[in-house]
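To start, the structure itself, in structure tokens.
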């Protein structure tokens with residue numbers, strides 16, 4: 263579930279740090295987020311988790327096996343993956359290396 267921009271922007275404007283746990287899979291979404299943060303005068307840090315497609319599919323499969331998991335149906339993982347736009351060289355981000363610990 264994604265937090266509505268009006269909510270997180272209000273919380274940030276009150277001086278409370280906010281973590282948005284979202285994919286931000288497109289340059290357009292990341293640029294929008296940057297503009298919103300700049301308009302509020304607050305810092306923004308993006309974290310990039312570079313995961314190979316096969317590893318991503320394996321993680322999704324493991325999550326599907328968990329009780330109460332909401333699975334992606336059919337070919338959804340592959341279709342969604344094609345929509346991902348990697349960070350471009352001019353986009354600042356903290357790169358998080360892929361490690362086996364992320365598979366937990």
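Residue numbers (this note's numbering): 263 to 366. All C-beta atoms, glycine included, are put in the ideal place defined by N, C-alpha and C.
Boundaries of the beta strand (DSSP E) in which residue i is found, first to last residue
i, result
"residue 357", "356-358"
Paired residues, beta bridge with residue i - DSSP
i, result
"residue 310", "357"
Start-to-end residues for the alpha helix (DSSP H) that takes in residue i
i, result
"residue 322", "315-326"
"residue 273", "267-275"
"residue 293", "289-302"
"residue 338", "338-344"
Below 8 angstroms, how does it come out for the stretch 318-337 and the stretch 292-301: are there three or more Cβ pairs, yes or no?
no
Does the pairing of the stretch 305-325 with the stretch 335-353 give three or more beta-carbon distances under 8 angstroms?
Yes: the two stretches touch, three or more of their Cβ pairs being nearer than 8 angstroms.
The stretch 321-331 in contact with the stretch 270-279 per 3-pair CB rule at 8 angstroms
no
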